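Reading through the structure tokens given below for one structure.
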């Protein structure tokens with residue numbers, strides 16, 4: 001009887017230890033995935049919210065413009081860089097769409113990961129406080145009532161961004177995400193983005209255009 005009791009007690013302890021171990025293992029994976037998720041979102045956010053810069057003006061010494069023109073263009077570029085924008089972001093990481101889109105020709109090694117991406121069947125909230133900005137723009141969650149359906153232009157913000165869920169490979173050195181950027185109700189575009197993690201940071205390897213208007 002004593003032996004059975006000890007074995008039962010030992011079995012319960014093992015189950016508890018396995019449960020704790022599994023919990024911390026899942027928690028560690030969640031933390032790693034969240035870290036990479038917001039690194040990617042921050043990268044795409046900063047690329048997408050950057051103002052469209054005009055090309056540098058010719059120098060007066062080249063005889064194409066006056067000194068006053070050159071100063072004007074320089075000041076204009078500076079104002080664009082310093083301009084504080086309002087960026088609206090869809091509040092959820094969305095489910096993958098456009099499931100018939102294939103990989104970019106330069107990203108053939110992402111085919112298996114793309115299949116994994118299309119199997120994602122969930123949405124989750126995005127935390128805008130975790131987006132690392134390089135500019136002093138304001139970020140807010142998008143709501144339908146922010147748009148005036150009688151107007152083409154956005155009145156309450158400058159740019160609307162959305163992000164899908166992200167598929168990672170096991171090594172966390174490849175990822176796929178869909179994103180869209182709109183500057184009005186009739187001007188925007190969406191892309192499937194293939195990323196790679198090298199030398200400690202994420203970069204965009206190639207893009208596949210999903211839509212444009």
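Residue numbers (UniProt numbering): 1 to 213. Note that CB positions come from ideal geometry on N, CA and C, so glycine has one too. All figures in this text were calculated on a predicted structure; none of them were measured in a lab.
Per-residue burial, residue i [other beta carbons within 10 Å of its own, 16 or more giving buried]
i	result
residue 175	buried
residue 179	buried
residue 125	exposed
residue 66	exposed
residue 208	buried
residue 187	exposed
residue 105	exposed
residue 190	buried
residue 114	buried
residue 119	exposed
Residues sharing a beta bridge with residue i, DSSP
i	result
residue 125	92
residue 141	89
residue 157	DSSP output for residue 157 lists no bridge partner at all.
residue 206	194
residue 201	198
residue 166	DSSP, once it has assigned bridges, lists no residue as partnering residue 166.
residue 179	163 and 191
residue 174	196
residue 184	153 and 187
residue 212	189
C-beta atoms of residue i and residue j nearer than 8 Å
i	j	result
residue 183	residue 147	no
residue 41	residue 131	yes
residue 92	residue 121	no
residue 48	residue 161	yes
Rounded distance between the beta-carbons of residue j and residue i, thought under 8 Å
i	j	result
residue 185	residue 152	5 Å
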